[in-house]
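One structure below.
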Amino acid sequence: MKSYQKLSTDIPGITEAGEEDPDGKPLCHQKLSAWWLGGGLLMVAALLSGVTVWVLGQIWWGQHVVPCLSKCTSVPENRRFDCYPEKSMIVTQELCEGRGCCFVDGETPLDRINGIPWCFYPPDFPSYTLGATNETELGLVAFLTRETKTYYPKDVEKLQLSVDFETDSRLRVKITDATNPRYEVPLDVPQATKKAENPLYSVELCKEPFGLVVKRRLSGTVLLNTTVAPLFFADQFLQISTVLPSTFLYGLGEHQSNFLHNMEWKTLPLWARDVPPTESYNLYGVHPFYLLMEKAGAAHGVFLLNSNLMEVALQPAPALTWRTTGGILDFYIFLGPDPNLVVQQYQQVIGFPAMPPFWGLGFHLCRWGYGTSNKTWETVKAMRNFQIPQDAQWNDIDYMNSTRDFAVDSDKFASLPQMVEDLHKHGQHYVLILDPGISSTQRPGSYWPYDEGLRRGVFINNTGGKPLIGKVWPGFTAYPDFSNPDTDEWWLENLKHLHTQVPFDGLWIDMNEPSNFIDGSTEGCSKGDLDNPPYTPGILGGSISAKTICASAKQRVSVHYNLHNLYGLMEAKATSRALVELRGKRPFVISRSTFPSQGRYSGHWLGDNRSEWKDMFWSIPGLLSFSLFGVPLVGADICGFSSSTSEELCVRWTQLGAFYPFSRNHNTQLEKAQDPTAFSPAARTAMKAALELRYTLLPLLYSLFHRAHLQGDTVARPLFFE
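Numbering (UniProt numbering), first residue to last: 1 to 722.
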């Protein structure tokens, strides 16, 4: 078994000790050829001792061999790739060596706390072997085989590798089951028709163990090298690692973190979850894309097109490990070479963002807890009275009758149609909220959205084929299946009916992770592998169904296990199309849950933040990250959502929020008002001045969005992009 290469990305070669050609170039293929030729005697000996080979094979298939200590101690700490990433386990030497891995105690208890793995892969841990390679119109195709079982069930023993040279600056690498079809993300991506003529990259394949090396042609910088750790491809556990050319890594959302990621043994879980933004938690959206600045100043990006539950482990080598629980490994590598170009190239794959209406760039005002349409209207009039610019007024779920979608409270919000008419007369606009959960407990014949949805079969079903019932604001609810085209039509018809009552201009889609106040369903979830996968990344709650619906739930395209992270995107797509149908104008949609290509259909706000100074700070890396993700229409709740703000904080946050691409003040119920008219004259004057400055810059902001729409430019961007 060949050893995994110990390479440094500081030099433009992929080498093992003493294995370079005279020009210092890598000898990946030549090296393997030389090994096979020079090892002829070994091969003969192996043939003559077939029984021994068979016995060794049985050892590997039955139980893994404990690696010798010298191999383990030769691995530097920062190059230890975790062999036992399960967060719920206390890893013992016995457990570790049962996987055929190295177990080396840390020198201090802090080593484990700091994330340095005690259980890690030895240099010769078995992986896949590259077979024959054939050229295709776009690049090459090859097969990978695994001769030894791993410690996860249902290994895929034969894989197909496709390497497509799609454009000069874009490479696609796809690894999937060579025998059986697997779930792939139903995302429209461009289909290349010819091989790139002058690519900025070169690709090398290593045979045993299989490895992929991607380099920048001009400088020789190694962008990816997967030979540093074994490749795993089981039915519900896929893992691939690479070293990185620097520690300047950005992206991989959605998380509350610094814009520049900390590479010191951090793991980033990716699974859409309803939770107020908190450090280390998986949040509302999933974006498996990163941008990396190389030491020489060039930039590249990597996108894993996979929608399953996953995590990304970062370590100080620097290196990165992708772990996902389903689908395939479908990578896009973008060569830039500057960061603006990387983001543009990424959006050429996922789609450029929609052009928002001009009014969508104005100042928006909302709160949960106005309580009545009259109170909402009074706030609008107060803003006019103080001549504070405002383009849009919003309402949260308190406008609904018993918090049910498509049902307006005809008592407390009786004057809502007149208020919206007044907004329109003043050149203003109205946005209301919708949640996906549809009340399932109303008397038959009394609630058309559920009755008709049931008749048309538009809801997500449980394993028994009946609508899965969860619980959100209206109580027990069913969840529309937005992967079903029939659901789009049902959604449109509901919106048409609502629009005849309240002629809204935009829609705010919330709770679409999808959120659930109970785990799974009212009946729990199955005991099968979908609801209890063999590996669960370190997500909040520790369970794949924590505060969402069962992974085994059935949707039109696939099971929820595969589609969970796409729910917000699919709802946004249906909502955007419905608004175009209703109004015949550019749609305005803001969504909480997001996925790659979200910008084509909606913007995003950063969720239920807190009225604290640190949350104002965290909004800045949040904006910048979503600029990388192709969602330029993004902002945070100005002055904070939960708890009561202070006057000083709200003034400063308004001054910052005046420069958010999407600028909205919003807070929760039962807290004091925080719109600009609620504060002292001095504070009100400062807020008004900040917002007036924003309005003077709207032509520039609109132009930036136009460039984003046409070619994928960023709107809010860090200085190193300039």
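Where is the CB? At the ideal position from N, CA and C, for every residue including glycine.
The structure displayed is predicted, hence computed values, not measured ones.
Burial state of residue 711, where buried means 16 or more other Cβ atoms lie within 10 Å: Position 711 of the sequence shown, counted from the start, is the residue given in the question as residue 711. Label assigned to residue 711: exposed.
Beta-bridge pairing of residue 582 - partner residues as DSSP gives them: The count along the sequence shown starts at 1 and reaches residue 582 at position 582. According to DSSP, residue 582 bridges with nothing at all.
Candidates 302, 663, 196, 221: closest to residue 136 by CA position: If you number the sequence shown from 1, residue 136 lands on position 136. Considering only alpha carbons, the answer is 196.
Whole runs of the alpha helix (DSSP H) within the region 310-369, excluding any shorter than 4 residues: 339-350
Residues near residue 523 by beta carbon distance below 8 angstroms, same chain, minus five either side: Locating residue 523 in the sequence shown gives position 523, where the first residue counts as 1. These residues qualify, in order along the chain: 462, 469.
Residues near residue 709 in its chain [Cβ-Cβ closer than 7 angstroms; skip 5 each side]: Position 709 of the sequence shown holds residue 709. Excluding sequence neighbours, residue 709 sits near 352, 353, 354, 355.
Same chain, Cβ closer than 8 angstroms to residue 77, neighbours up to 5 away in sequence not counted: In the sequence shown, residue 77 corresponds to position 77, counting from 1. Cβ neighbours of residue 77 beyond the five flanking positions: 116.
For residue 277 and residue 506, believed in contact at Cβ under 8 angstroms, the rounded distance: Residue numbering aside, residue 506 sits at position 506 when the sequence shown is read from its first letter. Residue numbering aside, residue 277 sits at position 277 when the sequence shown is read from its first letter. Actually they do not touch by this definition, with Cβ atoms about 23 angstroms apart.
Nearest-angstrom Cβ-Cβ length linking residue 633 and residue 595, presumed shorter than 8 angstroms: Numbered from 1 along the sequence shown, position 633 holds the residue referred to as residue 633. Numbered from 1 along the sequence shown, position 595 holds the residue referred to as residue 595. Between residue 595 and residue 633 the Cβ distance is about 15 angstroms, and since that is not below 8 angstroms, they are no contact.
Option in 566, 586, 612 with minimal Cα separation from residue 592: The count along the sequence shown starts at 1 and reaches residue 592 at position 592. Of the listed residues, the one whose Cα sits closest to residue 592 is 566.
Closest residue to residue 517 among 305, 619, 694, 474 (Cα-Cα distance): Here residue 517 refers to the residue found at position 517 when the sequence shown is read from its first residue. When only C-alpha atoms are compared, the closest one is 474.
Nearest-angstrom Cα separation, counted from residue 292 out to residue 169: On the sequence shown, position 169 is the one that residue 169 refers to. On the sequence shown, position 292 is the one that residue 292 refers to. Answer to the nearest angstrom: the Cα atoms are 15 angstroms apart.
Beta-carbon proximity list for residue 645, same chain, < 6 angstroms, skipping 5 on both sides: Working through the sequence shown from its first residue, we reach residue 645 at position 645. Answer for residue 645: 611, 639, 674, listed in chain order.
Neighbourhood of residue 259 by C-beta, 7 angstroms cutoff - its chain only, sequence neighbours within 5 removed: The residue you call residue 259 lines up with position 259 of the sequence shown. Contacts found: 250, 621, 624, 625, 718.
Alpha carbon of residue 683 to alpha carbon of residue 629, nearest angstrom: Sequence index remark: in the sequence shown, residue 683 carries index 683 (1-based). Sequence index remark: in the sequence shown, residue 629 carries index 629 (1-based). Each residue's Cα considered, the two are about 35 angstroms apart.
Residues that DSSP places opposite residue 84 in a beta bridge: As a first step, residue 84 must be located in the sequence shown, where it is residue number 84. BP columns for residue 84 are empty, so no partner.
Residue 47 to residue 72 span [Cα, whole Å]: Working through the sequence shown from its first residue, we reach residue 47 at position 47. Working through the sequence shown from its first residue, we reach residue 72 at position 72. Below a pLDDT of 50, predicted positions are generally treated as unreliable, and residue 47, at 37, falls in that range; no measurement from the model is reported.
Residue 724 (DSSP reduced to helix, strand or coil): Residue 724 lies beyond the range of the chain shown here (1 to 722); nothing can be said about it.
Burial state of residue 484 (16 or more Cβ within 10 Å): Reading the sequence shown from its first residue, position 484 is the one you call residue 484. Looking at its Cβ environment, which holds 16 or more other Cβ atoms inside 10 Å, residue 484 is buried.
Own chain residues within Cβ distance below 8 angstroms of residue 615, not counting five before or after: Sequence index remark: in the sequence shown, residue 615 carries index 615 (1-based). Once the five neighbours on either side are set aside, the close Cβ partners of residue 615 are 277, 609, 636, 640.
Residue 65 versus residue 244: straight-line alpha-carbon distance, rounded: Your numbering for residue 65 matches position 65 in the sequence shown. Your numbering for residue 244 matches position 244 in the sequence shown. Answer to the nearest angstrom: the Cα atoms are 30 angstroms apart.
Cβ pair residue 655, residue 631 closer than 8 angstroms: Taking the sequence shown and counting its residues from 1, the one referred to as residue 655 is at position 655. Taking the sequence shown and counting its residues from 1, the one referred to as residue 631 is at position 631. No, they are not a contact pair.
Sub-8 angstroms separation of residue 515 and residue 472 beta-carbons: Within the sequence shown, numbered from 1, the residue matching residue 515 stands at position 515. Within the sequence shown, numbered from 1, the residue matching residue 472 stands at position 472. Cβ distance < 8 angstroms, so residue 515 and residue 472 count as in contact.
Start-to-end residues for the alpha helix (DSSP H) that takes in residue 418: Taking the first residue of the sequence shown as 1, we reach residue 418 at position 418. Unbroken alpha helix (DSSP H) run through residue 418: 416-425.
Buried or exposed by the 16-neighbour rule on C-beta atoms within 10 Å, applied to residue 619: Here residue 619 refers to the residue found at position 619 of the sequence shown. It counts as buried.
Coarse secondary structure for residue 687, derived from DSSP in three states: Against the sequence shown, residue 687 aligns to sequence position 687. The answer is helix: DSSP assigns residue 687 an H, G or I state.
Beta carbon of residue 154 nearer than 8 angstroms to that of residue 145: Taking the first residue of the sequence shown as 1, we reach residue 154 at position 154. Taking the first residue of the sequence shown as 1, we reach residue 145 at position 145. No, the Cβ-Cβ distance between residue 154 and residue 145 is not below 8 angstroms.
Where residue 542 falls, given that 16 or more other Cβ within 10 Å makes a residue buried: As a first step, residue 542 is located in the sequence shown; it is residue number 542 there, counting from the start. Exposed, by the Cβ-count rule.
Start-end ranges of the beta strand (DSSP E) lying completely within the region 634-668, minimum 3 residues: 663-665
C-alpha distance - residue 550 paired with residue 707, whole-angstrom precision: Translated into positions along the sequence shown, residue 550 becomes position 550. Translated into positions along the sequence shown, residue 707 becomes position 707. Taking the straight line joining both Cα atoms gives about 41 angstroms.
8 angstroms contact criterion, which residue 431 and residue 508 should meet: CB distance rounded: Translated into positions along the sequence shown, residue 431 becomes position 431. Translated into positions along the sequence shown, residue 508 becomes position 508. So it is a contact: roughly 6 angstroms between Cβ atoms.
Residue 569: CB within 7 angstroms of a non-hydrogen atom of the ligand MG: With respect to the ligand MG, the structure shown offers nothing to examine, as it has no ligands at all.
Segment contact, 8 angstroms Cβ cut-off, at least three pairs: the region 327-343 with the region 368-376: no
Own chain residues within Cβ distance below 6 angstroms of residue 539, not counting five before or after: Within the sequence shown, the letter at position 539 stands for residue 539. Correct list, in chain order: 269, 271, 282.
N-terminal and C-terminal residue of the beta strand (DSSP E) that residue 508 is part of: As a working note, residue 508 is residue 508 in the sequence shown. Unbroken beta strand (DSSP E) run through residue 508: 506-509.
Distance CB(residue 310)-CB(residue 288) smaller than 8 angstroms: As a working note, residue 310 is residue 310 in the sequence shown. As a working note, residue 288 is residue 288 in the sequence shown. Going by C-beta atoms, residue 310 is nearer than 8 angstroms to residue 288.
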